[in-house]
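One structure is given here, and the rest of the page talks about it.
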Amino acid sequence: MDTRRMAANDNKTTPFASVKQVTIRRLHRRVGYAISLFLLFLVVTGVLMHRSTDWGIEEVRLGSSWLTSWYRPAPTDGVQHYQIGPHWLSKVDNRLYLNGTTIDGDAGVSDHVLGAVMVDDFFVVATADSLVLMSPDGQLIERIGLALLPGRMTAIGQNGNRAVIINTAYGQFVADASLMSWTAIAQPAGQEILWSRPQGAPEKITADVMDAYYEQGVLLTQFFYDVHTGRIFGTLGVWVMDVTALGVLFLLVSGLFRMRPQVKKKAG
């Protein structure tokens, strides 16, 4: 008899507990409705980003003018400007620009640019494992690979005689006029080496470069990422996605709380 009374008391629900359960149930439902659309964006864009390599969409670009007119994400690898005499060579992500204009085909340069110098009437653009010779209008003249260089480069510059000098793990080397023969230099022999470094470009050059960059479209994967994080809608979008994440956490906690009475009943 006592056992039955105890079981009956355990199964009784106080008015306060009942109201609390109803309130949590309503909140659970409303929060679920409120964040469902944003949660859908999170799931879909997350899958698309995760599978971008497998599906071959890493280099796909969205070229819609109305999209790029208001959606301008920051370049992934930033912007680099190198002054070559009166000219400006710029690199944004994996694209090259000369004096603010896109170089067709990027002259074979897709790696990180270390610097650029001018020799006679052509440019020499250095990456870690190659020298790319370009005409003043951005056309590819020749590409000198690592096999014809003293080693992987970390910098490129010129001495007072305008000879090309590169810095490698094995030391510094100076090139002959053909850029095919290299001589190690222990000391600069009193001559100052002017190394090519990224510089701040004039505002017009920077503006022209960025306009040309966005005219080529936005990477689809970057678009997915910014939708996923809410950055496509600015600061407000980021806050909305943060609230969505907190909403998912609330659904998890409230769902577990709602399951407790059922677990108790089964245990009883």
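Residues in the sequence shown are numbered consecutively from 248, following this note's numbering. Built from N, CA and C at the ideal position, the CB exists for glycine as well. Note that this is a predicted model, so its numbers are computed, not measured.
Residues near Asp-324 by beta carbon distance below 6 Å, same chain, minus five either side: On the sequence shown, position 77 is the one that residue 324 refers to. Hits under 6 Å: Asp-340.
Three CB pairs or more closer than 8 Å across the segment 460-474 and the segment 275-283: Taking 8 Å as the limit for Cβ pairs, the verdict is that the segment 275-283 does not touch the segment 460-474.
Lys-451 classed as buried or exposed, judged by whether at least 16 other C-beta atoms fall within 10 angstroms: The count along the sequence shown starts at 1 and reaches residue 451 at position 204. Exposed, because fewer than 16 other Cβ atoms sit within 10 Å of the Cβ of Lys-451.
Any alpha helix (DSSP H) of 4 or more consecutive residues that is wholly inside the segment 317-345: None, since the segment 317-345 contains no complete alpha helix (DSSP H) of that length.
Minimum C-alpha distance to Gly-385 - residue among Ile-304, Thr-349, Gly-310: Start at 1 with the first residue of the sequence shown, and residue 385 comes out as number 138. Looking at the Cα atoms, Thr-349 is the closest of the given residues.
C-alpha gap between Ser-316 and Phe-285, whole angstroms: Within the sequence shown, residue 316 is the residue found at index 69, counting from 1. Within the sequence shown, residue 285 is the residue found at index 38, counting from 1. Cα-Cα distance, rounded: 24 Å.
Start and end residues, alpha helix (DSSP H) containing Ile-452: The residue you call residue 452 lines up with position 205 of the sequence shown. Here the alpha helix (DSSP H) through Ile-452 covers 450-462.
Within 8 Å, strictly: CB atoms of Ala-373 and Ile-413: As a working mapping, residue 373 is identified with position 126 in the sequence shown. As a working mapping, residue 413 is identified with position 166 in the sequence shown. In contact: Ala-373 and Ile-413 (Cβ atoms closer than 8 Å).
For Val-487 and Ser-443, the rounded distance between their alpha carbons: Counting from one through the sequence shown, the residue named residue 443 turns up at place 196. Counting from one through the sequence shown, the residue named residue 487 turns up at place 240. So the alpha carbons of these two residues sit roughly 44 Å apart.
DSSP state of Thr-476 mapped onto helix, strand, coil: If you number the sequence shown from 1, residue 476 lands on position 229. DSSP places Thr-476 in helix when its eight states are reduced to three.
Range of the contiguous beta strand (DSSP E) that encloses Asn-408: Taking the sequence shown and counting its residues from 1, the one referred to as residue 408 is at position 161. Element bounds for Asn-408: n/a, residue is neither H nor E.
Trp-429 classed as buried or exposed, judged by whether at least 16 other C-beta atoms fall within 10 angstroms: Stepping through the sequence shown from its first residue, residue 429 is reached at position 182. Buried, by the Cβ-count rule.
Segment limits, beta strand (DSSP E) that includes Gly-418: Position 171 of the sequence shown, counting from 1, holds the residue named residue 418. 418-422 is the span of the beta strand (DSSP E), which, as asked, contains Gly-418.
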